[in-house]
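K.L.:
Residue numbers (the UniProt record's numbering): 1 to 220.
1) Just the C-alpha distance for residue 178 and residue 119, rounded to the nearest angstrom, thanks.
2) How many angstroms separate the CA atom of residue 35 from the CA atom of residue 69?
3) Following a CB-centred definition, is residue 171 positioned closer than 7 Å to any heavy atom of the ligand FMN?
4) Closer than 8 Å by C-beta to residue 165: which residues in its own chain qualify, once you throw out the five before and the five after it? Chain order, please.
5) Mind checking which residues open and close the alpha helix (DSSP H) that includes residue 102?
6) Taking residue 141 as part of the alpha helix (DSSP H), name the residues at either end of that continuous run.
7) Pick out whichever of 153, 208, 207, 162 has its Cα sitting closest to the Cα of residue 37.
8) Under 8 Å between the Cβ atoms of residue 61 and residue 129?
9) Let me know the secondary structure DSSP gives residue 159 once reduced to three states.
10) Start and end of the alpha helix (DSSP H) containing residue 68?
11) Please report the distance separating the alpha-carbon of residue 80 from that of residue 124.
12) Taking C-beta to C-beta, are residue 183 and residue 144 nearer than 8 Å?
13) Between the C-alpha atoms of residue 100 and residue 63, what's the straight-line distance to the nearest angstrom?
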């Protein structure tokens, strides 16, 4: 019994080491992804708790959230890091990243079910998403949760072609798209206290980044 428990713990640690390596590989390639996967993972975990999901389901979705953009490893660097808006052809390549992610993760027996969540994280509640146009509860719950978190982090982050939304603007946009882009139950699971928590964590992270940047400038 002890041997089995130790082996399970060892396998779990190895799996998380692999996940950390995959995430680090993507962050080295894609400037925007740095920190994004962790923030999406943290928000997804909070929503899972709010929905009172089982520990097993919570952990699976948390891992999928950290790996949701892993397919971007297969997207050319000049497209990922383009400073302006993408052309239609470039956008079509970006839209291939969920399928690339699924292909990567399905190579592992332990990650294949997580790959299914990754595959569907850009589907929409109304069926207008990609890659397969799934609708409503056809979309895995984990993908519905990650889709909301991904959008929140995208909106509250600066892009080359626009400034970040304020948190109030982001919240209004998420609520406005409840039932069209997003699963209503998932949106309703985001309590006011969660919105406040995420905004506070975001502000702390940005302050750390500014302090680090100032420290580097002082040292040069």
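For each residue, glycine too, the CB sits at the ideal point set by N, CA and C.
P.N.:
So, from the data block:
1) 21 Å
2) 12 Å
3) Of the ligands one can find in the structure shown there are none, so the ligand FMN has no counterpart to examine.
4) 155, 156, 173
5) 97-105
6) 141-155
7) 153
8) no
9) strand
10) Segment: none, residue 68 is in no alpha helix (DSSP H) and carries neither H nor E.
11) 23 Å
12) yes
13) 17 Å
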